[in-house]
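Enquirer:
There are 2 protein chains.
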Amino acid sequence: MRSAQEPNRNGGLMTPSPRPRIQSQFQSTVSVQKNRRFNILILVFRFAAFCFSLASAIFMYTNSRGSGSPQWYHFDAFRFVAIAAAIVALYSLFEIGASVWEISRGATVFPEVVQVWFDFSHDQVFAYMLLSADSAGTALARTLRERDTCTANNAFCVQSDISVALGFAGFMFLGFSSLLSGFRVICFILNGSRFHM
Amino acid sequence: MRSAQEPNRNGGLMTPSPRPRIQSQFQSTVSVQKNRRFNILILVFRFAAFCFSLASAIFMYTNSRGSGSPQWYHFDAFRFVAIAAAIVALYSLFEIGASVWEISRGATVFPEVVQVWFDFSHDQVFAYMLLSADSAGTALARTLRERDTCTANNAFCVQSDISVALGFAGFMFLGFSSLLSGFRVICFILNGSRFHM
Chain D
702 MRSAQEPNRN GGLMTPSPRP RIQSQFQSTV SVQKNRRFNI LILVFRFAAF CFSLASAIFM
762 YTNSRGSGSP QWYHFDAFRF VAIAAAIVAL YSLFEIGASV WEISRGATVF PEVVQVWFDF
822 SHDQVFAYML LSADSAGTAL ARTLRERDTC TANNAFCVQS DISVALGFAG FMFLGFSSLL
882 SGFRVICFIL NGSRFHM
Chain W
702 MRSAQEPNRN GGLMTPSPRP RIQSQFQSTV SVQKNRRFNI LILVFRFAAF CFSLASAIFM
762 YTNSRGSGSP QWYHFDAFRF VAIAAAIVAL YSLFEIGASV WEISRGATVF PEVVQVWFDF
822 SHDQVFAYML LSADSAGTAL ARTLRERDTC TANNAFCVQS DISVALGFAG FMFLGFSSLL
882 SGFRVICFIL NGSRFHM
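Sequences listed follow chains D and W, in order.
Our numbering applies: residue 702 is where the first sequence begins, and numbers increase by one.
Our numbering applies: residue 702 is where the second sequence begins, and numbers increase by one.
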C-alpha cells in the first residue's frame, strides 16, 4: 500500500502504477462496506433505544385514571422516568436521522471530529440519566406495592412497572450504542477517521 | 528524535551520538514526571471515592436504632445502597494499592494492557452500579418522608439521606477516575504505553 505514496528514488514523486491504485480502490471499497455495516448496526441499536424509550415515556404519560386514583405526576421518581425517557427518545430520533444521513451520503452531519465525540459523550450522559431515572422508578414502584396504592389501583402500578421495564430496555440499547460510538472515537483517534480499517 | 534509530546511510545501524541520547533521556524524564503527576491525581480521586463510599456504607450499616424502629435492611433500596457502597469502597482500596505500587515502583500490578482496560471497565461498571443504587435510595428516602416513618424516626431518615448523599459524592469521584482511566486507555492504544507523551 505504502508504495503508492513513496517518493521516487530519482527524487520526484512517481505517478502511482495501476496495480497499487486497484489495490487501494479495493481496500477502500472493503473499508466503506465495513463502515456501512457498522453504521447499520448502530442504526439498529439506536432504533431499538428509540422504540423502548418512547414506549416507556408513553406508558408513563398515559398512566392516569381519572380523579381519585393516583397520577404519575404526583410522584417525583415517575416524573423523572417520563422526562428521561422522552429526552432519550428525542436524542435517539436525532441520532437515527444522523445515521441514515451518514449511510445514504457517506458523510457525517457535523464535522467528523465533532460527530464522534458528540455521539459518545451524549450516549454516556443519557445512559447515566436513564439508568438513574429507572432505578428511582423501580424503588418507588416497589414501595408502592407495600402500601395500599397498589391494592386499590393495581392497573396504575402495573403500568408504572411496564414503563420502568421498558426504560431499562432502552438503557441497554443505549449502552450498546455507547460501546459502538466509543469504538468509533478510538478509531478516529487512531486513524484520524471514523472508518475502522 | 528519530535520528537516534535511523539506519546509517552506509548500511548498518550507527551508535547514537551523545546529543540525541541526552535529548531522549530528558524527554523520558519529563514523560516519567508527567506520568507521576497524572498517577498522583488518579490516586487523589481514588482516595476521595474510597472515603465517600466507605462513609456511605458505614452510615447505612449503622442505621438501626433498636427493635420497634425501622431497620435499613428492611428496605431493598437501602440494602442496595449499602452493598454498592461497600463494593466500591473495596474496589477503590484495591485501586489505591495499585496506584501506590505504580507510583513507587514505576510498573503496573498486572501487565500494562490488562491494567488499563481493567481499571476503565471496572470504573464504568461500578459507577453505573453506584449511581443506580443511590438513585433508588433517593427515591425511597423521598417516599419515606411522605409516610409516618420519618415523623416517628427522624434520625433514621436523616442518616439514610446522609448515606445516599455520600454515595453520590463517591460516584462523582469514581466518575472522575473513570475519565482519567479512559484517557489512559486512549494513550495506551495510541502509543502502546500508558504514558501520555
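Note that beta-carbon positions come from the ideal geometry of N, C-alpha and C, so glycine has one too.
What is the DSSP secondary structure of D/S822, counted as helix, strand or coil?
Expert: Three-state result, D/S822: helix.
Enquirer: Between which residues of its own chain and W/F751 is the CB-CB distance below 7 Å, once the five residues before and five after are set aside?
Expert: So the list reads A790, S793, L794 and I797, once near-sequence residues are dropped.
Enquirer: Which term fits W/R646, buried or exposed, when burial requires 16 or more other beta carbons within 10 angstroms of its beta carbon?
Expert: No answer is possible for residue 646 of chain W: the residues shown for chain W start at 702 and end at 898.
Enquirer: Should W/A778 and W/M761 be called a contact, given that it needs their Cβ atoms to be closer than 8 Å?
Expert: No.
Enquirer: By the three-class DSSP mapping on this structure, what secondary structure does W/S962 have?
Expert: This structure cannot speak to residue 962 of chain W, because chain W is shown only from 702 to 898.
Enquirer: Rounded to whole angstroms, how far is the Cβ of D/S837 from the Cβ of W/A799, which I believe are closer than 8 Å?
Expert: The amino acid at residue 837 of chain D is misidentified as Ser; the sequence shows Ala. D/A837 to W/A799, Cβ: 33 Å. No contact.
Enquirer: Check the C-beta distance from D/S754 over to D/D820 and give it rounded, since I have them as a contact under 8 Å.
Expert: At roughly 16 Å, the Cβ-Cβ gap does not stay under 8 Å, so D/S754 and D/D820 are not in contact.
Enquirer: Do you know whose CA, among D/A786, D/W773, D/F739 and D/S732, lies nearest D/F827's CA?
Expert: Ranking the options by Cα distance to D/F827, first place goes to D/A786.
Enquirer: Count the other CB atoms, across all protein chains shown, that sit within 10 Å of the CB of W/F872; report buried if there are 16 or more and exposed otherwise.
Expert: Classification of W/F872: buried, given that the 10 Å Cβ count is 16 or more.
Enquirer: Cα separation between W/A749 and W/I863?
Expert: Cα to Cα, W/A749 sits roughly 16 Å from W/I863.
Enquirer: Is W/S768 helix, strand or coil by DSSP?
Expert: Correct three-state label for W/S768: coil.
Enquirer: In chain order, what residues of the same chain have a beta carbon less than 6 Å from the beta carbon of D/V859, not counting five sequence neighbours either side?
Expert: If we look at D/V859 and ignore the five residues flanking it on each side, it has no Cβ neighbours.
Enquirer: Could you say which of W/S861, W/F877, W/Q816 and W/R885 lies nearest to W/A758 if we only look at CA atoms?
Expert: Per the Cα distances, W/S861.
Enquirer: Find the residues of chain W that neighbour D/A837, judging by a C-beta separation of less than 7 Å, and give them in chain order.
Expert: Per Cβ cutoff of 7 Å: S836, A837, T839 and A840.
Enquirer: Distance, Cα to Cα, W/V810 vs W/H823?
Expert: C-alpha separation (whole angstroms): 15 Å.
Enquirer: Go ahead and pull the three-state DSSP assignment for D/A889.
Expert: A small fix is needed here, since residue 889 of chain D is Phe in this sequence, not Ala. Three-state result, D/F889: helix.
Enquirer: Give the residues of chain W in contact with D/L832, contact being defined as C-beta atoms less than 7 Å apart.
Expert: Under the 7 Å cutoff, chain W gives Y829, L832 and S833.
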